[in-house]
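To start, the structure itself, in structure tokens.
In the working numbering, the protein residues as written are 1124 to 1412.
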């Protein structure tokens, strides 16, 4: 399989030129507050039988994108990079897209929406102008932690920009422990699934107040299948953020048990084919057998 959602960061570059990177990360995150590098990631993937991954930005800086591209250049197991560009400044975004697109492994962009104080970020005219440029280059937009502030905006974006592939990370972070909020999540999630240019990731499902087991997560899996179908779902472990909930192998095993209820061809879609197609990964699909 291909892990469609993996992060790396190095804390010895935590501050550059007086600018603090990974501003969301601090001592309060316990075991997560350290460097997670390419060798450790490769060991985790190898141990779980995962052949490669897509690196996804963890900081709204050019430095984070450049670091991932450098890692990809020396690690053939990195099949794609989803980086950051300044979406709210179209001229700057255009320059960054031109520069990063020189790397064939650069496949998409992402902004840490949940850390941005602007709840209307995806509706801003400047952001929409930048996303036109993203779509023109055949790149994707990943949307993290969309619920509650940004899932409705994601629906509008996908509907109003059908030329852009919108990737919903972590199923939009459903509030599974709160039945009342789940109704709101499900309405927007289902609406997004109706847009054919949308894709969702089975990732980041260590949710507050929810036991991380196949039985507990099965309602989410079934909702995802109903809204997107296996042809628009992909699997990812959200390492190392997921290590706060479970080791890599356990995180993956729960997802694989959910997927195992499907036919071999449907499993193939979620485990590899959707990621290859969505991100335009330059790898060959490995048939299951």
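Just so it is clear, CB atoms sit at the ideal spot from N, CA and C, and this is done for glycine as well.
Computed from a predicted model, the values in this text were never measured in an experiment.
Assigned exposure category for residue i - 16 Cβ within 10 Å defines buried
i            : result
residue 1229 : buried
residue 1367 : exposed
residue 1152 : exposed
residue 1218 : exposed
residue 1412 : Confidence in residue 1412 is poor, its pLDDT being 44 and thus under 50, which makes the residue's placement too unreliable to answer from.
residue 1265 : buried
residue 1134 : exposed
residue 1318 : buried
residue 1126 : buried
residue 1169 : exposed
residue 1312 : buried
residue 1248 : exposed
residue 1221 : exposed
residue 1396 : buried
residue 1197 : exposed
residue 1344 : buried
Helix, strand or coil at residue i according to DSSP, with G and I counted as helix
i            : result
residue 1308 : helix
residue 1253 : helix
residue 1437 : The question about residue 1437 has no answer here: the residues shown for the chain are numbered 1124 through 1412.
residue 1276 : helix
residue 1382 : helix
residue 1376 : helix
residue 1347 : helix
residue 1332 : coil
residue 1176 : strand
residue 1202 : strand
residue 1407 : coil
residue 1221 : helix
residue 1208 : coil
Supposed close pair residue i, residue j - CB separation, criterion 8 Å
i            : j            : result
residue 1382 : residue 1394 : 7 Å
residue 1261 : residue 1372 : 34 Å between Cβ atoms; not a contact.
residue 1351 : residue 1308 : Not a contact, Cβ separation roughly 14 Å.
residue 1288 : residue 1401 : 6 Å
residue 1176 : residue 1202 : 7 Å
residue 1337 : residue 1380 : 4 Å
residue 1130 : residue 1292 : Actually they are not in contact, since the Cβ atoms of residue 1130 and residue 1292 sit about 11 Å apart, beyond 8 Å.
residue 1195 : residue 1362 : No, residue 1195 and residue 1362 are not in contact; Cβ-Cβ is about 16 Å, not under 8 Å.
residue 1184 : residue 1207 : 6 Å
residue 1315 : residue 1328 : Actually they are not in contact, since the Cβ atoms of residue 1315 and residue 1328 sit about 17 Å apart, beyond 8 Å.
residue 1300 : residue 1330 : 7 Å
residue 1323 : residue 1355 : 7 Å
Which residues DSSP lists as bridging residue i, in chain order
i            : result
residue 1323 : 1291, 1356
residue 1233 : 1265
residue 1159 : 1132
residue 1362 : 1129
Heavy atom of the ligand SAH within 8 Å of residue i beta-carbon
i            : result
residue 1225 : Among the components modelled here there is no ligand, and therefore nothing to report on the ligand SAH.
For this session: Take every Cβ of the stretch 1323 to 1340, pair it with every Cβ of the stretch 1274 to 1285, and state whether three or more of those distances are shorter than 8 Å.
Result: Touching, no.
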